[in-house]
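Down below is the structure, laid out as structure tokens.
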Amino acid sequence: MRSQQHPDWDDLFMSAALEPDRWLDALEVLARTTGAEHGQLIGIGAGREIGFNLVTNFDEQALKAFVGFDGGSPYINFRVAAAADHIARGQYDPVLHEQHYDEARSRLHSDIYVDFCDHLDIPFGCQTNLVLDGGGLIGLATLRTRKQGRTHAADRRHFAKAAQAARRAARLQERLEGEQAKLLAGAFEAIGICAFLIDQSGRLLAHTQRADTLLSNGDVALANGVLTANGRPMTLRAAIQALVQRENGHDHVRLQIDLPPDRPTLLMEGFRLPQSRWSLGRFPYAVLIANPPRKDRAGVTGFLSALYGLSPAEADIALRLLERKSRTLIAEERGVTRETLRGQIKTVYRKCGVDGEASLIGLLAAIIA
1 MRSQQHPDWD
11 DLFMSAALEP
21 DRWLDALEVL
31 ARTTGAEHGQ
41 LIGIGAGREI
51 GFNLVTNFDE
61 QALKAFVGFD
71 GGSPYINFRV
81 AAAADHIARG
91 QYDPVLHEQH
101 YDEARSRLHS
111 DIYVDFCDHL
121 DIPFGCQTNL
131 VLDGGGLIGL
141 ATLRTRKQGR
151 THAADRRHFA
161 KAAQAARRAA
171 RLQERLEGEQ
181 AKLLAGAFEA
191 IGICAFLIDQ
201 SGRLLAHTQR
211 ADTLLSNGDV
221 ALANGVLTAN
231 GRPMTLRAAI
241 QALVQRENGH
251 DHVRLQIDLP
261 PDRPTLLMEG
271 FRLPQSRWSL
281 GRFPYAVLIA
291 NPPRKDRAGV
301 TGFLSALYGL
311 SPAEADIALR
321 LLERKSRTLI
331 AEERGVTRET
341 LRGQIKTVYR
351 KCGVDGEASL
361 IGLLAAIIA
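Numbered continuously in the numbering used here, the sequence shown closes out at residue 369.
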């Protein structure tokens, strides 16, 4: 059923850019206004991997199945195929709809996505690209049932107007996510740590001045936005892939960068960063640190606050645990009860993503020892 009201699309989507959890609400309004069952925001990487896929009123298992059969491929997905056809002709953001889907279906290599849409009753709708760059695309779409039928020209006009606002919002959110990487890089810079921040696809987002030295002297190279270097027991590219791989990936990697024999040893460690929300792909996903130095207490406290979101008190407690101080001594030094300290330590474990003191010490020792 179509909404008779015309929403303030700028207000709706800009609010979502500032509070990403509100994208589903905005997509729901889009679907309702255009007479569709579902609104969709999807990110498809340069390698056709699915970075994110927000669909209103949709089954989570169906979203997983979509990823499982490579749903982002233009060889099986008529929506992606239609977009790819127009991109190839230099048409980067038109509103595509059922007529274009009909043309694309005849060239598919498989019916698996067609059957998927038939099963879920989403054969119709319209779409456009919000962002299209070297990292892939961000697409906006509505999905319609057989009963709702094909889109009308009026539906597509509403959709096109909404898409203009959504495009601005997506670009704003990408920039805001990029600023997070710069802020983190600044925190590392302040305590002299050589650090690279990467996104969920493994591409470089930001780095410190010391890290820039590694790039300028050739110890580490940058190819298509991804850091590369030979190393042991794996290459730097392989280490990055291990960090960003969702299935069977690693929270922490360590390698030695290959350098001439007369050069000092260069160790590189990678750590996944806490992920509290979904992102458009520009939010810092992991950090790579080279030869982390030991710094003063105040500097390291700020570093831990930036990296794990610890409060100054929690960061101080974490460092005292790293120094192998007893809980009784820490409680005395901080002037709190053991019960209060116990609760603070649990919070430290949760924020750092560890399950106990030994894991915390191992994590902190690798970063700041």
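Ideal placement from N, C-alpha and C gives every residue a C-beta, glycine not left out.
So, at 6 Å on beta carbons, what are the nonlocal neighbours of residue i in its own chain, with the 5 sequence-adjacent residues on each side left out?
| i | result |
| --- | --- |
| residue 174 | 280, 282 |
| residue 206 | 181, 182, 185, 197 |
| residue 424 | In the structure displayed, the chain extends from 1 to 369; residue 424 sits before or after that span and is not available. |
DSSP three-state label for residue i, please.
| i | result |
| --- | --- |
| residue 280 | coil |
| residue 321 | helix |
| residue 294 | The predicted model places residue 294 with a pLDDT of 46, which falls under 50 and marks its position as unreliable; any figure quoted below should be read in that light. Residue state, collapsed to three classes: coil. |
| residue 187 | helix |
| residue 289 | strand |
| residue 227 | strand |
| residue 193 | coil |
Whose C-beta lies closer than 7 Å to the C-beta of residue i among residues of the same chain, with five residues either side of it excluded?
| i | result |
| --- | --- |
| residue 243 | 249, 250, 253, 270, 272, 286 |
| residue 177 | 279, 280, 282, 283 |
Please look up how many angstroms separate the CB atoms of residue i and residue j, rounded, as I've assumed it's under 8 Å.
| i | j | result |
| --- | --- | --- |
| residue 50 | residue 67 | 5 Å |
| residue 136 | residue 44 | 5 Å |
| residue 46 | residue 125 | No, residue 46 and residue 125 are not in contact; Cβ-Cβ is about 24 Å, not under 8 Å. |
| residue 12 | residue 26 | 5 Å |
| residue 120 | residue 78 | Actually they are not in contact, since the Cβ atoms of residue 120 and residue 78 sit about 14 Å apart, beyond 8 Å. |
Considering only residues of the same chain and omitting the five flanking positions on each side of residue i, which have a CB-CB separation below 8 Å?
| i | result |
| --- | --- |
| residue 231 | 239, 255, 256, 257, 258, 268 |
| residue 222 | 204, 215, 228 |
| residue 344 | 313, 314, 317, 336 |
| residue 149 | 124 |
Along the alpha helix (DSSP H) that carries residue i, what are the first and last residues, could you check?
| i | result |
| --- | --- |
| residue 142 | Per DSSP, residue 142 belongs to no alpha helix (DSSP H); it is in the beta strand (DSSP E), 136-144. |
| residue 14 | 9-18 |
| residue 269 | Here residue 269 belongs to no alpha helix (DSSP H); instead the beta strand (DSSP E) covers 266-272. |
| residue 80 | 78-88 |
| residue 241 | 236-244 |
| residue 118 | 112-120 |
| residue 343 | 338-352 |
| residue 99 | 98-105 |
Tell me, please, whether the CB atom of residue i is closer than 8 Å to any CB atom in chain D?
| i | result |
| --- | --- |
| residue 43 | Among the protein chains of the structure shown there is no chain D, as only one such chain exists. |
What are the boundary residues of the beta strand (DSSP E) that residue i is part of?
| i | result |
| --- | --- |
| residue 207 | 204-207 |
| residue 334 | No beta strand (DSSP E) contains residue 334, which is instead part of the alpha helix (DSSP H) from 327-334. |
| residue 253 | 252-257 |
| residue 131 | 124-133 |
Sorry if obvious, but does the Cβ on residue i come closer than 7 Å to a heavy atom of the ligand ADP?
| i | result |
| --- | --- |
| residue 90 | Absent from the structure shown: the ligand ADP. Ligands present: none. |
* To do: Quick one: which unbroken alpha helix (DSSP H) runs of 4-plus residues sit fully inside the stretch 26-68? Chain order, please.
  => 60-68
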